[in-house]
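Just so we're aligned, residue 275 is where the sequence shown starts under this note's numbering, counting upward by one.
Heads up, the thing below is written out as structure tokens.
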Amino acid sequence: MATTETPRMVVGVPRENRAGETRVALTPTALPQLTKAGFDVVIESGAGDAAGYPDAAFTDRGARIGSRDDAFAADVLVQVNVMDGDPASGDIAKLRKGQVVVGAVAPFARPEMVKAIAGTGATLFALELVPRTTRAQSMDILSSQAAVAGYKAVLIAAAELPKMFPLLTTAAGTIAPAKVFIVGAGVAGLAAIANSRRLGALVEAYDVRPAAREEVESLGARFVELPLETGQEEGSGGYAKQLSEDTIKKQQELMAKTVAASDVIITTAQVQGSTAPVIITTEMVKGMAPGSVIVDLAAEQGGNCEPTVAGEVVDVDGVRVIGVVNLPGDIPVHSSQLFGKNVANFLGLMVVDGKLDPGVDDDVIKESVVAAGGDVVNNRVREALGLEKLPEPEPPAPEPAADDTPAAEEAAK
Ligand code: NAD
275 MATTETPRMV VGVPRENRAG ETRVALTPTA LPQLTKAGFD VVIESGAGDA AGYPDAAFTD
335 RGARIGSRDD AFAADVLVQV NVMDGDPASG DIAKLRKGQV VVGAVAPFAR PEMVKAIAGT
395 GATLFALELV PRTTRAQSMD ILSSQAAVAG YKAVLIAAAE LPKMFPLLTT AAGTIAPAKV
455 FIVGAGVAGL AAIANSRRLG ALVEAYDVRP AAREEVESLG ARFVELPLET GQEEGSGGYA
515 KQLSEDTIKK QQELMAKTVA ASDVIITTAQ VQGSTAPVII TTEMVKGMAP GSVIVDLAAE
575 QGGNCEPTVA GEVVDVDGVR VIGVVNLPGD IPVHSSQLFG KNVANFLGLM VVDGKLDPGV
635 DDDVIKESVV AAGGDVVNNR VREALGLEKL PEPEPPAPEP AADDTPAAEE AAK
């Protein structure tokens, strides 16, 4: 007797188009999880080459290798940078109604792209919008990639600094450890602290969120105390809030001494959805000893240092200010592995009874969808496009408090 089986869902992984991108959106490590969830995977031939994953590494784990069109024919298309790069306009024409597209979208910087994808009828998810909650951590590409970037920033600084990082006692005398100052102790900042400590530097760190102190200290760094009213007890979605211009000015004044005494500064301060706060002025940089190095991780958002230029090294009186971009792309084996795992976890949320349901009632899914049903559905993107706002969904009901009154306990017996 013939059985009617649910056809398996297909995930397609095309080669990245963005200039200089080495990462790939899925790696072989994530395939067994997807297979188990009911997905078949089609990889465009060569998509993983630059990341260190040849076609055979994927076929060994059950994926199929095909053309770009084969990858685009999938039910779900996953990309590190969604429709980014020159040939991307041709790619958009390949999308179709009912298809799901998942990856880093930069939706607020590229609202027109979101609109173009919405026009195809595909459902688009921007993984940058995954909320910073405990439940969503395993799908948070910003965190996984920032951890890689924080680690790499320290290696760049150590290689550029004309000094050693660790304390060294030799017959020819003692070398003092390098002084490293980390500004912003979020995901990238904490990774930078940990790696600077591994290399033996004396590390100090500052963050506007008082809660960061404990994490900084647990990694063996000193938390720099600035008598500032930052009002950052709680930010939105795990992110800091914007400081006023006056507070930033005060912060700069109070920080100048620590900056001047540092051999290396790694800046990672960000306020989600805004340009990066300028924390280190050109004057402050001039106060550092020649040969000192600043690595500015916020370069692509405008930079935390006044002289920063994204993708360039700027010399300010012998201090090099390095505006790094796409550091995860420098370590593509592991950054792709983490990205791929984030993607696989995210796709898992959309599988209901073995079928793909991009409209599933789930907070993580709802917060990250930017285009659906032929329309742009994220209000910030709509605003950027001059479109009327959609009614905001009801906030989720608070968890009921555990009823531990004696009467309730009695009833539960
Ligand atoms: P995060 O939100 O986890 O951390 C940012 C931290 O900055 C927060 O702890 C916040 O409280 C702090 N902060 C905000 N304003 C501040 C201020 N005025 N002074 C001191 N601290 C302040 O962000 P993250 O994921 O760690 O990313 C940090 C930065 O690194 C972002 O700009 C991100 O875009 C960038 N990044 C760059 C690369 C790259 O390759 N260049 C890669 C990944 C991330």
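C-beta atoms are modelled at their ideal positions from N, C-alpha and C, and glycine is treated no differently.
All values reported here derive from a predicted model rather than from experimental measurement.
- Taking 7 Å as the cut-off, one finds no heavy atom of the ligand NAD near enough to the beta carbon of Gln-307.
- Residue pairing by DSSP places Ile-639 in no beta bridge whatsoever.
- Considered as a whole, the region 442-512 harbours 442-444, 447-449, 453-457, 476-480 as its complete beta strand (DSSP E) runs of no fewer than 3 residues, in chain order.
- Between Ala-486 and Tyr-425, the CB-CB gap reaches or exceeds 8 Å.
- In this chain, Arg-335 is not harboured by any beta strand (DSSP E), its DSSP state being neither H nor E.
- Checking the DSSP bridge columns, you'll see Gln-353 partnered with Gly-377.
- Pairing Leu-664 with Val-651 gives a Cβ-Cβ distance under 8 Å.
- Counting the other Cβ atoms within 10 Å of the Cβ of Ala-459 gives 16 or more, which makes it buried.
- Per DSSP, Glu-318 is one residue of the beta strand (DSSP E) stretching across 313-318.
- By the criterion of a C-beta distance shorter than 6 Å, Ala-330 is surrounded by no residue of its chain, once the five residues flanking it on both sides are discounted.
- Val-595 is bridged by DSSP to Ile-568, Val-588.
- About 4 Å separates the Cβ atoms of Ile-554 and Cys-579, confirming a contact at the 8 Å cut-off.
- In this structure, DSSP gives Met-387 a helical state, which the three-state scheme calls helix.
- With a threshold of 16 other beta carbon atoms within 10 Å, Ser-518 falls short and is exposed.
- Inclusion of Ser-417 in the 7 Å shell around the ligand NAD follows from its C-beta lying nearer than that to a non-hydrogen atom of the ligand.
- Annotation: Met-558 is outside any beta strand (DSSP E); the continuous alpha helix (DSSP H) that includes it extends over 556-560.
- Short of 6 Å from the beta carbon of Leu-351, and not among the five residues preceding or following it, lie these beta carbons of its own chain, in chain order: Gly-286, Val-375.
- The region 426-439 makes no contact with the region 397-408; the number of CB pairs closer than 8 Å stays below 3.
- Classified as buried, Val-477 has 16 or more neighbouring CB atoms from the shown chains inside 10 Å of its CB.
- When DSSP states are grouped into helix, strand and coil, Gly-286 belongs to the strand group.
- C-alpha of Asp-589 to C-alpha of Ala-390: approximately 41 Å in a straight line.
- Taking C-beta atoms under 8 Å as the contact rule, Val-315 and Ala-299 fail to qualify, at a distance of about 11 Å.
- Taking 8 Å as the cut-off, the Cβ atoms of Met-413 and Val-422 do not count as close.
- At the C-beta level, Gly-322 and Thr-303 stay beyond 8 Å of one another.
- Distances taken from the Cβ of Asn-616 to the heavy atoms of the ligand NAD include none shorter than 7 Å.
- For Ala-367, there is no enclosing alpha helix (DSSP H), since its DSSP letter is neither H nor E.
- Beta-bridge pairing by DSSP links Val-644 to no other residue.
- Arg-594 has its CB no nearer than 7 Å to any heavy atom of the ligand NAD.
- Between the alpha carbons of Ala-392 and Val-655 lies a distance of about 12 Å.
- When secondary structure is reduced to three states using DSSP, Ile-553 falls in the coil class, being assigned neither helix nor strand.
- Excluding five sequence positions before and after Ser-566, the CB atoms of its chain that fall closer than 6 Å to its own CB belong to Asp-537, Val-593, given in chain order.
- Straight through space, the alpha carbons of Asp-520 and Phe-497 are spaced by roughly 22 Å.
- Glu-489 has its alpha-carbon roughly 16 Å from the corresponding atom of Thr-408.
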